[in-house]
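Here's the structure, in structure tokens; my notes come after.
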Amino acid sequence: MQVLVGLNNRNISNYLNYTNSFIIGLKDFSINYLELEIDEIKKIKKDYPNINLFVSINANIFNKDLKILENNLCELDKLNISGIVFYDISILSLKEKLSLKTPLVWSQEHMTTNYNTCNYFYDKGCEYVYLSSEITESEIKEIKEKSKIKIISFFFGYPEVSFSKRNLLTNYFLYHHKNKEKEVYEIKTDDDTYLIKENKLGTRITHGKILNGIIPFKNLSDDVSFGILNEDNIDHELFLKVLEIFKDVLENKKDSKKAQEEISKLFSNSDDGFFYKKTIYKVKE
Amino acid sequence: MRKIELLSPAGDLERLKIALLYGADAVYIGGKEYSLRANANNFSTREIKEGCAFAHNLHKKVYLTLNIVFHNEDIDGVYDYIKEVVEAGIDAFIVSDLFIVSYIKKNFPNVEVHLSTQSSVTNYESVSYLQKEGIDRVVLAREVGKDDIKEIYDKTKIDIECFIHGAMCTFYSGRCVLSNYATGRDSNRGGCAQVCRFNFTLDDKPFTMAVKDLNLSYYIKDMIEIEVRSLKIEGRMRSAYYLATVLSSYRRIIDSYYDGTLNDILLEKENKILKRVSNRDNSSHFFPKEADLTDQYYSGHWEISNQDYLAYVINYDKDKKLCEIYQRNYFKIGDTVEIFMPSGKVIHFNVDNLYNEKMEKIDTANHANEKLYFYIDEEIEPSSMIRRFYV
Chain A
1166 MQVLVGLNNR NISNYLNYTN SFIIGLKDFS INYLELEIDE IKKIKKDYPN
1216 INLFVSINAN IFNKDLKILE NNLCELDKLN ISGIVFYDIS ILSLKEKLSL
1266 KTPLVWSQEH MTTNYNTCNY FYDKGCEYVY LSSEITESEI KEIKEKSKIK
1316 IISFFFGYPE VSFSKRNLLT NYFLYHHKNK EKEVYEIKTD DDTYLIKENK
1366 LGTRITHGKI LNGIIPFKNL SDDVSFGILN EDNIDHELFL KVLEIFKDVL
1416 ENKKDSKKAQ EEISKLFSNS DDGFFYKKTI YKVKE
Chain B
498 MRKIELLSPA GDLERLKIAL LYGADAVYIG GKEYSLRANA NNFSTREIKE
548 GCAFAHNLHK KVYLTLNIVF HNEDIDGVYD YIKEVVEAGI DAFIVSDLFI
598 VSYIKKNFPN VEVHLSTQSS VTNYESVSYL QKEGIDRVVL AREVGKDDIK
648 EIYDKTKIDI ECFIHGAMCT FYSGRCVLSN YATGRDSNRG GCAQVCRFNF
698 TLDDKPFTMA VKDLNLSYYI KDMIEIEVRS LKIEGRMRSA YYLATVLSSY
748 RRIIDSYYDG TLNDILLEKE NKILKRVSNR DNSSHFFPKE ADLTDQYYSG
798 HWEISNQDYL AYVINYDKDK KLCEIYQRNY FKIGDTVEIF MPSGKVIHFN
848 VDNLYNEKME KIDTANHANE KLYFYIDEEI EPSSMIRRFY V
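Residue numbers (my numbering), protein chains in the order written: chain A, 1166 to 1450; chain B, 498 to 888.
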């Protein structure tokens, strides 16, 4: 497994001691990574030709977006990037139509949950799957055993929870005649906290607890090709410390249990998500 | 031009029959497995068979939801289940996981495959891809507006199904796991706990994300004219009374469009009926324009209940002119009620007589589910429903 950093900072050199694999978002087509224009992506590839660069296009695509998307895909295809991480199924149609050569990463967030569908997308030309964060470590192992697709999984950061086309924050502040003063807000129930953020594509919610998946990261190191650590909403210096811990575990310089404790000390609001906790399917029998 | 389809949910066999009797052209149901409403009663294979026979006898159709997002553990057994329900007579599967599509098309080519709104399809390139994969119909994302629907149809000619009435998700379908994180219940496998309707705080002030219900009754004409194939009502957990009321109204709107009698007066009248049966405010959301602040709620209390539904008609004895009913809510001698029938006929009646099961005269109907009788000259169709009448 290699560490794949979800960038939140344009200064790639800050990370190169820890990894050479990065994921960024394409401006206006991405919802959970640093969004860059095509020209900025070109510059990164020019400045750092040897890095693995994945570009996320994980917005829901509407008719009006398709022409621009086609142009962007053609530009990206010339850059020798490592993969296009896509949500919308139109990308498969456009891959064929535009004869794209760039590897595709099937990344329908919460729907990438079983080996059969992984095999389906592999047969349709997807080299990788970015698996759902709501499946367990043993499910990931079974997917690896029973499918040919290469696996990308999420191991550190705020997990994606929901995405809406609605402007939930703008509407709230308009209704209450208040100004929206921050980029990210916390919303809370009695038991739980979530982070809510808006961009021109809609409103995104992440869980308020940081996923600390260092133990499954180690356990799955032979099964997963890339493990994502997403810096979004996390202090840069702390994130670099986390990167160092993951690197040490990957290189067998540190025990994963000890590493888990270290990360928990850095982030008191962290847990191991659904790696060891199955969700309930049937409520009533 | 094919007449547009009116598609109803049905949570069980009773509601399937009510939906078809009250004007649905087809119903969608969930089996005991693989359906996104795990908490509904849902249908056994025997019930699916009975429901299909009932529907086919009326030249109507039954679609089965197989639209969970599969986990590894769900895969074993699904192929046997598909064979079983095809043999029970279903006309189409509604799916969201694409691995299942080619299997169905290869093994059961006479059964249609519809792509669930869970896949949030929003553009013609996606539809074009799905058509090649064998998808016969797409239930578009509820975020897709009128102009986009028209363009998708014009460019692909695929059968398009659109939600027109009922509860809405705050988030893109399939793209929300609030339920998983807040309650441990898997929203993409039928366990959605509707956490988007919970009360939150933001900076210690109340914050909600709950949205109003969908009501596109004023836009049925537009949907027919942009060649939407099927109009879908939400709600496999909804009551038989709700379904009968909503379907009757939409049936009248659709039929009046085709016979040239659709006008503003009819739309206003039907909307009054639709609003009475709803337990939330409603809105047109994304169809005519982008959704905005008027489509949401901002305080904690918005659910209302009503006691409009008074009784269900079991039978009418033509010789005795005696109507046999099950009581549903309190009413009394002297009340004026409205009786609406599966054929669409509606009559008003002043309750001037009422009898219990022993045929003793009574003044009030105040026991839920009690069998009661009244005499009425006008013939009442079985399965009619009686509701409170407001001038």
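Positions of the beta carbon are idealized from the N, C-alpha and C atoms, including for glycine.
- When the alpha-carbon of Lys766 (chain B) is set against those of B:Phe783, B:Ser745, B:Ala550 and B:Thr653, the nearest one is in B:Ser745.
- Membership of Gly1392 (chain A) in the beta strand (DSSP E) is indicated by the continuous run Phe1391 to Asn1395.
- In the three-state DSSP reduction, Ala521 (chain B) falls in the coil class, being neither helix nor strand.
- Contact between the stretch 565-583 of chain B and the stretch 1255-1266 of chain A is absent, with fewer than three C-beta pairs closer than 8 Å.
- A distance below 8 Å separates the beta carbons of Leu1244 (chain A) and Lys1207 (chain A).
- Counting along the chain, Cys549 (chain B) sits inside the alpha helix (DSSP H) bounded by residues Thr542 to Asn554.
- Of all alpha-carbon atoms in B:Ser775, B:Phe695, B:Phe846 and B:Asn760, the one lying nearest the alpha-carbon of Ile730 (chain B) is that of B:Ser775.
- Interface flag for Glu622 (chain B) against chain A is set, since a Cβ pair is found closer than 8 Å.
- DSSP, read as helix, strand or coil, puts Val1270 (chain A) in strand.
- Shown here, Cys1283 (chain A) sits in a helix according to DSSP, grouped into three states.
- Burial state of Tyr755 (chain B) is exposed, judged by a 10 Å Cβ sphere holding fewer than 16 other Cβ atoms.
- The way I'd put it, the stretch 675-687 of chain B doesn't touch the stretch 748-762 of chain B; fewer than three beta-carbon pairs between them come closer than 8 Å.
- Residue state for Leu728 (chain B) is assigned as strand, using DSSP reduced to three classes.
- As computed with DSSP, Tyr531 (chain B) is found in no beta bridge at all.
- With a cutoff of 8 Å on beta-carbon distance, Gly1190 (chain A) and Tyr1198 (chain A) are scored as near each other.
- Residues are counted here when their Cβ sits less than 9 Å from a Cβ of chain A; for the stretch 658-683 of chain B these are Cys666, Thr667, Phe668, Tyr669, Gly671, Arg672, Cys673, Val674, Leu675, Ser676, Asn677, Tyr678, Ala679, Thr680, Gly681, Arg682 and Asp683, given in chain order.
- Interface residue (Cβ-Cβ distance to chain B less than 8 Å): Ile1314 (chain A) is not classified as such.
- Neighbours of Arg686 (chain B) in chain A, taken as residues whose beta carbon is under 8 Å from its own, are Thr1444 and Tyr1446 in chain order.
- Shortest Cα-Cα distance from Ser881 (chain B) to any of B:Ile811, B:Leu819, B:Glu640 and B:Phe784 involves B:Ile811.
- When C-alpha distances from Asp752 (chain B) are compared across B:Ala507, B:Gly508, B:Gly841 and B:Glu648, the shortest belongs to B:Gly841.
- Rounded to whole angstroms, the separation of the alpha carbons of Gly681 (chain B) and Thr1444 (chain A) is 5 Å.
- In this structure, Ile501 (chain B) sits near Leu728 (chain B), with a CB-CB distance shorter than 8 Å.
- Taken atom to atom, the span from the alpha-carbon of Thr1358 (chain A) to that of Thr698 (chain B) is near 9 Å.
- Where Arg1369 (chain A) is concerned, there is no enclosing alpha helix (DSSP H), although the beta strand (DSSP E) around it starts and stops at Gly1367 to His1372.
- The Cβ of Val1326 (chain A) sits closer than 8 Å to at least one Cβ of chain B.
- Not one beta carbon of chain A lies nearer than 8 Å to the beta carbon of Val834 (chain B).
- Residue-level contact check: Asn1377 (chain A) does not touch chain B, since none of the beta carbons of chain B fall below 8 Å from its beta carbon.
- Pairing Asn863 (chain B) with Thr742 (chain B), the inter-Cα distance amounts to about 23 Å.
- With fewer than 16 other Cβ atoms inside 10 Å of its own Cβ, Met856 (chain B) counts as exposed.
- Spanning the alpha carbons of Tyr870 (chain B) and Gly1438 (chain A) requires a straight line of approximately 59 Å.
- Of all residues in the stretch 593-611 of chain B, the ones placed with a Cβ closer than 7 Å to any Cβ belonging to chain A are Asp594, Leu595 and Phe596, in chain order.
- Within the same chain, and ignoring the five residues on either side of Phe1382 (chain A) in sequence, the residues whose Cβ sits closer than 6 Å to its Cβ are Phe1320 and Gly1392.
- Going by C-alpha positions, Phe704 (chain B) is about 8 Å away from Tyr1337 (chain A).
- Lys1306 (chain A) and Asp1388 (chain A) have their C-alpha atoms roughly 7 Å apart.
- Asn1176 (chain A) counts as exposed, since fewer than 16 other C-beta atoms from the protein chains shown sit within 10 angstroms of its C-beta.
- Cα atoms of Glu658 (chain B) and Tyr1213 (chain A): separation of roughly 48 Å, rounded to the nearest angstrom.
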